[in-house]
Amino acid sequence: MVKRTPLIAGNWKMNFDHLRSIAFVQKLGWTLKDAKHSSAEVEVVVFPPFTDLRSVQTTISSDKIDLRFGAQDLSPFDSGAHTGDISGEFLAKLECSYVIIGHSERRQDHHETDEVVTAKTLAAVKHGLVPVICVGETSEDLEKFGAAAVPVGQLRHVLEALPADAEIVVAYEPVWAIGSGQAATPQQAQDVCAALRATIAEVLGADQAAATRVLYGGSVKAQNIATFMREPDVDGALVGGASMDIDEFSAIVRFPQHVTTV
Ligand code: 13P
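In terms of the numbering used here, the sequence shown opens at residue 3 and continues consecutively.
Structure follows, in structure tokens:
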């Protein structure tokens with residue numbers, strides 16, 4: 003059985019200019035170092051806005067901070083007449099390790115379809131970035147189809163286009179749980195994460211399914227992270243609001259210390 007290193011990811015969305023990002027990354031680095039955090043035990047990734055990435059890269063590298071970072075989106079194209087878009091090639095040059103793809107806010111605000119999400123995922127893989135593929139149902143979907151059908155369909159669309167050995171991360175984020183303070187229950191998260199893993203097994207094979215990290219996202223806080231991390235198919239969290247508070251986010255990262263006590 004492959005050991006999957008837990009992954010705690012902070013999606014800052016459209017928050018923090020580059021100066022605030024630098025200060026945050028430095029402070030987070032010191033806090034985790036003081037707490038003797040090891041990225042071999044729990045990997046930590048932050049997703050700043052595009053305009054902060056260069057500053058975050060140089061801060062992490064010059065201060066030797068034990069953190070990884072990624073972008074919140076990328077273009078499906080490599081270069082050319084696509085005003086305002088950012089190529090995966092540029093992100094790879096900035097030493098981004100990851101890129102979030104298909105976040106529900108992009109699916110909603112920018113009308114990103116499963117086809118677009120698939121094209122972006124292929125672009126990420128091509129440029130050596132690990133895509134964090136976001137899937138999740140709205141409250142209407144939940145009522146009509148139950149929790150798993152929509153996220154499973156969204157993931158299957160992407161997986162069917164992927165090379166079988168591509169490294170990916172999947173994030174299950176029920177739209178109704180994002181920013182609402184109403185997280186899914188650990189059992190709901192487990193059920194959908196297990197269904198997503200079964201879909202990976204079906205399309206890409208059992209080894210890929212066993213190696214792929216599936217995250218839960220939606221109103222994750224220090225006070226509920228441990229309950230999610232106890233579930234066998236939840237390998238980490240994609241955190242929004244709580245990832246912009248040093249104490250809260252570092253407490254989420256240090257979940258193994260409170261996993262048995264909550
Ligand atoms: P919240 O943690 O603020 O609910 O946001 C989750 C999210 O959308 C992360 O991508």
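By construction, the Cβ of each residue, glycine as well, lies at the ideal position given by its N, Cα and C atoms. Owing to the predicted nature of the structure, the values given are computational and were not obtained by experimental measurement.
CA-CA distance, L206 to G238, rounds to 21 Å. DSSP lists E45, G238 as the beta-bridge partner residues of L9. For W178 against L217, the beta-carbon gap comes to about 17 Å, at or over 8 Å, which does not count as contact. Counting along the chain, no beta strand (DSSP E) covers G207, and no H or E run does either. Taken atom to atom, the span from the alpha-carbon of T115 to that of R109 is near 7 Å.
By the Cβ test, the segment 196–215 is not in contact with the segment 243–263, since fewer than three Cβ pairs between them sit closer than 8 Å. Counting of Cβ neighbours within 10 angstroms places F147 among the exposed residues, the total staying below 16. V194 and R70 have their C-alpha atoms roughly 27 Å apart. Boundaries of the alpha helix (DSSP H) around V118: 116–128.
Its Cα nearest to that of P188, the residue Q225 stands out among E169, Q225, D68, Y100.
Every residue with a CB closer than 6 Å to a heavy atom of the ligand 13P is listed here in chain order: N13, H105, E175, I180, G181, G219, G220, S221, V222, L240, V241, G242, G243, A244. Taking 8 Å as the cut-off, the Cβ atoms of L164 and T123 count as close.
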